[in-house]
Amino acid sequence: MKLSLEVRTGYHCNSNKPLDDYLIPLKLTWAPGPLESPEVTYPAPQMEKYSFSPTPLSVYTGNFDLMTKFKVSASATPGQAIITGKLKYQACNDRMCLTPKTIDVSIPIDIIK
Amino acid sequence: MVQEEFCIARNRYIIKLAVRFRSIAAASVLCAALSITGCTEYSSTVRAAVKAEQERKAAPDFNLKDADGKAVKLSDYKGKVVLLNFWATWCGPCKIEIPWFMDFEQTYKDKNFAVLGVSLDEDGWDSVKPYIQQKKINYRVMIGTEQVAQMYGEVDSLPTTFMIDREGRVAAVHIGLVSKSDYIHDILDLLGAPQPDSPVNRGSLLVHPAVYRTK
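These protein sequence lines are chains S and U, in that order. Per my numbering, residue 9 is the first one in the first sequence, and the count goes up by one each step. Per my numbering, residue 1313 is the first one in the second sequence, and the count goes up by one each step.
Written out as structure tokens, the structure reads:
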């Protein structure tokens, strides 16, 4: 599954592996459901320099995609289902930061044999 | 294919979730798009000059604990000018200001002035105490609560700093990183001291030498 994200111009969010322990990483998690063993792949981060930081930061800006590979549970029942997850992120621009946010992600799917 | 769109508006920002495709087969690739959108009011910092006295409103009182576990009430600071800074250890721009605030605390603490820091770190003292120790922060820092953040207008962007006058009223608000000289201007104004660019001020003990460096 591909989750396409867009960060507003002028803002950035930390990558999944920020270089400073104090920074809050981007993290996508999936709840148990008819699809299991999710493997989330994050894109390579950008190293960007901002006026408030003496060193470049590992961030995402603009458009990027998170890919998740699932396996269909052996017990999954064919038909409509919903997979749910949470996306946590923390965004800043060069003058201020927004408090961390967690977005509920809900995707309807059809499972067929 | 089914298109759905959800918009969640929460005051100052909009999160837009657009689900573009509905999968037909479990083996096929699902695609969803999500847009993290800040509203225009976040596109620049807000510089508010010190308000006229009649326009100032009472700063909400709070009762929080500092790093030593001692209670900190804003009302205990009545009679002092207070720089109340909301910040977090994950906030880069906040970290630019902290040395300035340490400087202000050192310079003006004997002139009825105090800096209070309110951290909005989710893990509380686990992150904040090591940071205080590492940076040798010389002013009182508390862990904020959602209630306190709401009382101060749902503080959602950091740094946000309130300049509070001797009567416990909000005299100015700074959202985002502003210049050190802006803070000095506010502090001197609220202390009733001459401004750094005033001829009266030359040689005054009230103005730290840094004032001249930042002008």
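Where a beta carbon is used, it is the ideal one built from N, C-alpha and C, also for glycine.
{"Asked": "Own chain residues within Cβ distance below 7 angstroms of ASP1477 (chain U), not counting five before or after", "Found": "ARG1368, VAL1393, ALA1483 and LEU1502"}
{"Asked": "Local Cβ density within 10 Å of SER59 (chain S), reported as buried at 16 or more and exposed below that", "Found": "exposed"}
{"Asked": "Nearest-angstrom beta carbon gap, VAL1490 (chain U) and ASP1378 (chain U) [assumed within contact, 8 angstroms]", "Found": "The Cβ separation is near 25 angstroms, so there is no contact."}
{"Asked": "Listed by chain order, chain S residues near ILE1408 (chain U) by CB distance under 8 angstroms", "Found": "PHE60"}
{"Asked": "Within chain U, the residues that MET55 (chain S) reaches when beta carbons sit closer than 9 angstroms", "Found": "The contacting residues do not exist; MET55 (chain S) stays about 15 angstroms from chain U at best."}
{"Asked": "CB of SER61 (chain S) within 7 angstroms of CB of LEU27 (chain S), strictly", "Found": "no"}
{"Asked": "Other residues of its chain near ILE115 (chain S): CB distance less than 6 angstroms, five sequence neighbours each side excluded", "Found": "ILE91"}
{"Asked": "Cβ pair VAL1467 (chain U), PHE1398 (chain U) closer than 7 angstroms", "Found": "yes"}
{"Asked": "CB contact flag (ALA1371 (chain U), LEU1470 (chain U), <7 angstroms)", "Found": "no"}
{"Asked": "Contact check, LEU43 (chain S) vs PHE72 (chain S), beta carbons under 7 angstroms", "Found": "no"}
{"Asked": "Any C-beta of chain S under 7 angstroms from that of ASP1468 (chain U)", "Found": "yes"}
{"Asked": "Contact under 7 angstroms by Cβ, ALA84 (chain S) with ILE117 (chain S)", "Found": "no"}
{"Asked": "ASP1435 (chain U) classed as buried or exposed, judged by whether at least 16 other C-beta atoms fall within 10 angstroms", "Found": "exposed"}
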